[in-house]
Amino acid sequence: MLAAQQADVYFINGQPIEDVRKVIKQVLNRPRFLPQPVRFGFSAFVIVIARTTDEEAQAELERLMALQKLEEQYKLSVAKGVDTEAVMFQLFAKNPAVGGNGGTAAGLVGSYDTVVTRVAAFVDAGIDTFMLQFNPFVREMTRFAQEVIPRVQHLQKVA
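For the sequence shown, our numbering assigns the number 63 to the initial residue and increments by one for each residue that follows.
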């Protein structure tokens, strides 16, 4: 795996935490040709479904999944000719999600505290860079900044 040998950062598309741990372990077990260790980044669609309660978050996720289902025919026509054996498409088939690059498959769905706990699990697994999607951008990024980041920072101080 070239990334294990030569990359500064191995960027992982959104997946459940168990799968991310396996990817990180596989990369770390490969030969490394650079003096510094490889770092890990991660993509996830989180904020549109981070809400005050887990129930509110789940209702929002279900609403978004229903909207996405309406677009299925369009997606199928766009995907014609795509190699379905590609790892990325296998992951997307295994982990249905809202959003791009793995989207909600990471499981960052729930109350603010639930999302914080799950973000912390990814950090503990070795992720140090997150690329998060927000929709609508300003409102949900603001919500994340006000509700999630302070809780993550507090958790890091306590640890």
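Cβ atoms here follow ideal geometry from the backbone N, Cα and C, with glycine treated the same way.
### Query
What is the DSSP secondary structure of R113, reduced to helix, strand or coil?
Counting from one through the sequence shown, the residue named residue 113 turns up at place 51. Looking at R113 - three-state DSSP - the assignment turns out to be strand.
### Query
For M193, which residues of its own chain have a beta-carbon under 6 Å away from its beta-carbon, when the five flanking residues on both sides are left out?
Here residue 193 corresponds to residue number 131 of the sequence shown, with the count starting at 1. Correct list, in chain order: S105.
### Query
Would a C-beta distance cut-off of 7 Å place A119 and G172 closer than the cut-off?
Taking the sequence shown and counting its residues from 1, one reaches residue 119 at position 57. Taking the sequence shown and counting its residues from 1, one reaches residue 172 at position 110. In contact: A119 and G172 (Cβ atoms closer than 7 Å).
### Message
Taking 6 Å as the limit between beta carbons, can you name the residues of its chain near M203, skipping five residues before and five after?
### Response
Working through the sequence shown from its first residue, we reach residue 203 at position 141. Cβ contact annotation for M203 (same chain, cutoff 6 Å, sequence separation greater than five): F196, in chain order.
### Task
Just list the beta strand (DSSP E) runs in the segment 68-104, keeping only unbroken ones of 3 residues or longer that don't cross its boundaries, in chain order.
Those beta strand (DSSP E) runs which fall completely within the segment 68-104 and span 3+ residues are 71-74.
### Query
Alpha carbon to alpha carbon, how far is A168 from P78?
For the purposes of this step, residue 168 is identified with residue 106 of the sequence shown, where counting begins at 1. For the purposes of this step, residue 78 is identified with residue 16 of the sequence shown, where counting begins at 1. Their Cα atoms are separated by approximately 4 Å.
### Task
Could you tell me if N75 is buried or exposed, where buried requires 16 or more neighbouring beta carbons within 10 angstroms of its beta carbon?
Here the question's residue 75 lines up with position 13 in the sequence shown. Classification of N75: buried, given that the 10 Å Cβ count is 16 or more.
### Message
I'd like the list of long-range same chain contacts for F184, defined as Cβ closer than 7 Å, with 5 residues on each side in sequence excluded.
### Response
Translated into positions along the sequence shown, residue 184 becomes position 122. Within the same chain, F184 has close Cβ partners I79, V82, F104.
### Query
How would you write the range of the beta strand (DSSP E) that F192 sits in, first residue to last?
Numbered from 1 along the sequence shown, position 130 holds the residue referred to as residue 192. Per DSSP, F192 belongs to the beta strand (DSSP E) from 189-195.
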